[in-house]
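Chemist: As they're listed, the protein sequences go chains Z and H.
The working numbering puts the first residue of the first sequence at 8, with every later residue one more than the last.
The working numbering puts the first residue of the second sequence at 46, with every later residue one more than the last.
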Amino acid sequence: MAVEFDLRQKSTRELNAALHRLNGSGDTGTWRIRNPHGLHTLAVGVDAPLTIDIEGHVGYYCAGMNKYARITIHGNAGPGVAENMMSGVVRVTGSASQYAGATAHGGLLVIEGDASSRCGISMKGVDIVVQGVVGHMSAFMAQSGRLVVCGNAGDALGDSLYEARVYVRGTVASLGADCVEKPMKDKHKQELEGLMNEAGITGADAAEFRRFGSARTLYNFNVDNADAY
Amino acid sequence: MPTDRKRRKSDRQNVAELRTRLRESASFPRQVIAEIQRAARTGIYDIRGFGAKRRIPTFDDLLFLGASMSRYPLEGYREKCATNVTLGTRYANNPIELKIPVTVAGMSFGALSAPAKEALGRGATIAGTSTTTGDGGMTPEEREHSKILVYQLLPSRYGMNPDDLRRADAIEVVVGQGAKPGGGGMLLGQKISARVAKMRDLPAGIDQRSACRHPDWTGPDDLKIKIQELREITEWEKPIYVKIGAARTYYDTALAVKAGADVVVLDGMQGGTAATQDVFIEHVGIPTMPALRQAVEALQELDMHRKVQLIVSGGIRTGADVAKALAMGADAVSIGVAALIALGDNAPELEDDYNEIGSSAGYYDDWHEGRDPTGISTQDDALAARFDPVLGGRRLANYLRVLTLETQTLARANGKSHVHSLEPEDLVALTIEAAAMAKVPLAGTDWIPGHAKF
Chain Z
8 MAVEFDLRQK STRELNAALH RLNGSGDTGT WRIRNPHGLH TLAVGVDAPL TIDIEGHVGY
68 YCAGMNKYAR ITIHGNAGPG VAENMMSGVV RVTGSASQYA GATAHGGLLV IEGDASSRCG
128 ISMKGVDIVV QGVVGHMSAF MAQSGRLVVC GNAGDALGDS LYEARVYVRG TVASLGADCV
188 EKPMKDKHKQ ELEGLMNEAG ITGADAAEFR RFGSARTLYN FNVDNADAY
Chain H
46 MPTDRKRRKS DRQNVAELRT RLRESASFPR QVIAEIQRAA RTGIYDIRGF GAKRRIPTFD
106 DLLFLGASMS RYPLEGYREK CATNVTLGTR YANNPIELKI PVTVAGMSFG ALSAPAKEAL
166 GRGATIAGTS TTTGDGGMTP EEREHSKILV YQLLPSRYGM NPDDLRRADA IEVVVGQGAK
226 PGGGGMLLGQ KISARVAKMR DLPAGIDQRS ACRHPDWTGP DDLKIKIQEL REITEWEKPI
286 YVKIGAARTY YDTALAVKAG ADVVVLDGMQ GGTAATQDVF IEHVGIPTMP ALRQAVEALQ
346 ELDMHRKVQL IVSGGIRTGA DVAKALAMGA DAVSIGVAAL IALGDNAPEL EDDYNEIGSS
406 AGYYDDWHEG RDPTGISTQD DALAARFDPV LGGRRLANYL RVLTLETQTL ARANGKSHVH
466 SLEPEDLVAL TIEAAAMAKV PLAGTDWIPG HAKF
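#1: Going straight from the alpha carbon of His-190 (chain H) to that of Thr-184 (chain H), what length do you get?
#2: At which residues does the beta strand (DSSP E) containing Phe-73 (chain H) begin and terminate?
#3: Less than 7 Å between the beta carbons of Gly-173 (chain H) and Lys-144 (chain H), yes or no?
#4: With Val-526 (chain H) and Leu-448 (chain H) assumed to form a contact (beta carbons below 8 Å), what rounded beta-carbon distance in angstroms separates them?
#5: Could you spell out where the beta strand (DSSP E) holding Gly-290 (chain H) opens and where it closes?
#6: Between Z:Ser-123, Z:Gly-52, Z:Thr-110, which lies nearest to Asp-134 (chain Z) when the distance is taken from Cα to Cα?
#7: Quick check: is any heavy atom of the ligand MN less than 6 Å from the C-beta of Ala-150 (chain H)?
#8: Are the CB atoms of Ala-224 (chain H) and Thr-321 (chain H) nearer to each other than 7 Å?
#9: Spell out the partners DSSP gives Glu-62 (chain Z) in its beta bridges.
#10: From the beta carbon of Pro-586 (chain H), is the nearest beta carbon of chain Z less than 7 Å away?
#11: Between Gly-52 (chain Z) and Met-93 (chain Z), what straight-line distance do the alpha-carbon atoms span, to the nearest angstrom?
#12: Am I right that Gly-22 (chain H) and Arg-254 (chain H) are in contact with their C-beta atoms under 8 Å? What's the rounded C-beta distance?
#13: How do the segment 61-71 of chain Z and the segment 271-286 of chain H stand: do at least 3 beta-carbon pairs fall below 8 Å, yes or no?
#14: Give the interface partners of Ala-91 (chain H) over in chain Z, defined as CB-CB distance under 7 Å, in chain order.
#15: Taking only beta-carbon atoms, is Gly-407 (chain H) less than 7 Å away from chain Z?
#16: Would you please verify whether the beta carbon of Met-244 (chain H) is less than 7 Å from any beta carbon of chain Z?
#17: Less than 7 Å between CB atoms is the rule here; does Ile-251 (chain H) satisfy it with respect to chain Z?
#18: At the 7 Å Cβ level, is Ile-356 (chain H) part of the contact set with chain B, yes or no?
#19: Check the C-beta distance from Glu-217 (chain H) over to Gln-235 (chain H) and give it rounded, since I have them as a contact under 8 Å.
#20: Please report the distance separating the alpha-carbon of Ala-249 (chain H) from that of Gly-359 (chain H).
#21: Nearest-angstrom Cα distance between Ala-160 (chain Z) and Asn-232 (chain Z)?
#22: Bridge partners for Phe-432 (chain H) per DSSP, in chain order?
#23: Threshold first: 3 residues or longer. Then list the beta strand (DSSP E) segments lying entirely within the segment 272-353 of chain H, N to C.
#24: I'd like to know whether the C-beta of Gln-315 (chain H) is nearer than 7 Å to at least one C-beta of chain Z.
#25: Beta-carbon separation of Val-357 (chain H) and Ala-383 (chain H) under 7 Å?
#26: Is the shortest distance between the beta-carbon of Pro-434 (chain H) and the beta-carbons of chain Z less than 7 Å?
#27: Are the CB atoms of Pro-284 (chain H) and Ala-215 (chain H) nearer to each other than 7 Å?
Here is the structure:
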């Protein structure tokens with residue numbers, strides 16, 4: 008039996024407090040949250056392997072800093088969905104605004120629609136799979152983890168990125184500083200297939216993707232790179 | 046034939062004459078010439094630690110009036126002068142209670158060694174005040190040894206996680222710092238050890254340049270929601286500070302209040318840094334004294350003075366600095382460079398070691414190089430092992446107590462039974478610049494430049 012929570016009757020604070028009471032408990036229950044109506048900071052700081060279904064659009068920072076929970080947003084997500092996620096799975100059935108998965112350290116973020124600019128900015132180990140397109144400056148300063156884009160990528164993809172790996176099936180408007188295309192080896196195809204399986208994305212063949220990563224030329228100060236600074 | 050003695054005498058005369066005829070350029074003094082030569086040799090800007098070294102108007106340009114016929118002083122040892130501070134009374138369910146009006150500013154593990162961070166926690170805890178993490182996450186050492194620990198949320202989000210958020214006593218959203226308003230963090234490869242790299246999720250040995258803007262909010266409207274998220278994650282328990290570098294301070298303070306800050310932390314241009322371009326340190330931002338006045342004016346205009354608390358930092362060295370900052374309207378001050386000096390930085394006993402790395406006690410500012418002979422600003426295990434965190438903590442506690450005693454001395458002299466009762470009317474300025482910046486009258490006059498009388 009799912010726990011029903013109606014945000015027309017109770018507040019964001021009451022929702023988060025109720026979820027946090029289960030933090031560290033290992034509870035695997037199911038929660039159905041109705042009428043989110045674009046509210047901000049829903050289901051943030053959850054630390055239990057709950058299954059949470061949010062039935063509608065959400066505002067800023069939904070599922071922020073998530074640990075263990077499987078959170079599905081049945082709608083669109085505002086800025087910073089799953090920001091700084093540590094683990095678990097966050098799925099957006101619609102599209103996501105800016106900075107989706109920003110600085111996230113782990114877990115899996117799936118966006119079934121499109122993601123706006125700065126998707127995966129400063130990502131630190133999270134895996135992000137976007138079925139549609141991503142906007143400009145995606146994977147900016149991305150440190151580690153994988154970003155998979157089934158559609159096209161906007162300008163300055165992977166600017167100043169570190170060790171994150173970026174896979175794009177469509178076109179790339181432009182690459183950011185120090186981001187270069189790298190060969191797709193078998194191990195990368197396997198990694199990509201694994202990620203798409205995990206994300207439940209079908210209809211995209213790993214062979215159609217290109218791989219991008221850091222040229223590592225900006226890792227240490229070098230006068231000869233002054234034009235890139 | 047001149048004798049040897051005569052020749053030596055005439056050489057000395059020539060040298061002496063030459064010296065008096067040598068004229069150093071005001072525009073191109075030796076330090077400027079040396080910097081041009083260094084730039085031409087290396088092709089890269091100068092990076093260093095410490096804070097601004099140029100001469101600027103400071104709290105030294107202000108004086109307390111004291112008490113006499115028109116005001117009563119308090120007895121030095123018999124009448125109590127309280128120093129406690131409460132931070133976070135606006136929204137936080139668990140405000141911070143400090144025994145003294147001096148806190149320890151954010152300095153990262155990475156910039157500092159683990160035992161140095163531990164010492165900061167030990168010293169602050171003995172003295173009854175808080176210490177702060179930095180751009181690199183929270184170490185178990187500093188959490189264990191800090192009774193009150195402020196956890197910084199920085200643009201890089203290195204090491205940021207919800208467990209440490211919950212473990213923190215307060216959260217500080219860092220928008221900027223006084224040494225470099227508008228600049229991000231910097232940690233050069235020499236200090237990216239395996240442990241630092243792991244905490245920050247970076248490859249070891251790279252020159253880390255942190256982002257200067259937050260990744261998931263832009264502007265005060267977004268920040269308001271970001272702060273709401275932090276409060277939701279931590280059950281509205283913890284005070285949320287917003288730290289700004291002194292720039293357009295009046296507006297920045299007002300916007301921090303609008304964004305929902307419990308506490309505004311204002312860092313003036315003298316504020317320290319572990320590693321920043323010298324040109325940034327010396328040429329961006331405004332001094333602590335005028336910035337403080339602007340921040341207090343913004344709070345007063347919003348009727349938020351003493352409701353949103355104000356912590357000011359940047360060049361605080363003595364109890365006189367503390368008392369003057371409080372008199373101008375701050376609720377507390379914060380120390381960074383002075384705390385490191387209390388731990389042992391720039392110790393004259395280590396002159397030979399400083400000479401070996403091309404510096405000298407009293408001048409050492411190459412904190413970014415990680416070769417600190419005191420073991421404070423390094424990630425070299427052998428150097429760090431030289432530093433005794435227990436002794437360092439004791440020295441910091443001593444220094445914090447001296448600052449507090451000096452502050453009380455000045456407060457009593459002005460007839461105040463709480464350091465927060467100090468007020469701008471207790472101050473005068475020694476220079477026209479300081480009078481204009483602090484908006485207190487030039488000593489012996491009722492003149493505040495730029496202030497028309499009604």
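Just so it is clear, CB atoms sit at the ideal spot from N, CA and C, and this is done for glycine as well.
Modeler: In short:
#1: 10 Å
#2: Phe-73 (chain H) -> no beta strand (DSSP E), and no H or E assigned at all.
#3: yes
#4: Here chain H comprises residues numbered 46 to 499, so residue 526 (chain H) is not present and cannot be evaluated.
#5: 285-290
#6: Z:Thr-110
#7: Only the bare structure without any ligand can be found here, which leaves the ligand MN out of the picture.
#8: yes
#9: Z:Arg-41
#10: The requested residue 586 (chain H) does not occur in the structure, where chain H is confined to residues 46 to 499.
#11: 10 Å
#12: With chain H represented from 46 up to 499, any question about residue 22 (chain H) goes unanswered, as that position is not in the structure.
#13: yes
#14: The question names Ala, but residue 91 (chain H) is Asp in the sequence shown. Going along chain Z, no residue has its Cβ under 7 Å from Asp-91 (chain H), so there is no contact; the nearest lies around 12 Å.
#15: no
#16: no
#17: yes
#18: The question asks about chain B, but that chain is absent: this structure's protein chains are Z and H.
#19: Glu-217 (chain H) to Gln-235 (chain H), Cβ: 27 Å. No contact.
#20: 31 Å
#21: 26 Å
#22: Paired residues: none, contrary to the question.
#23: 285-290, 308-312, 318-322
#24: no
#25: no
#26: no
#27: yes
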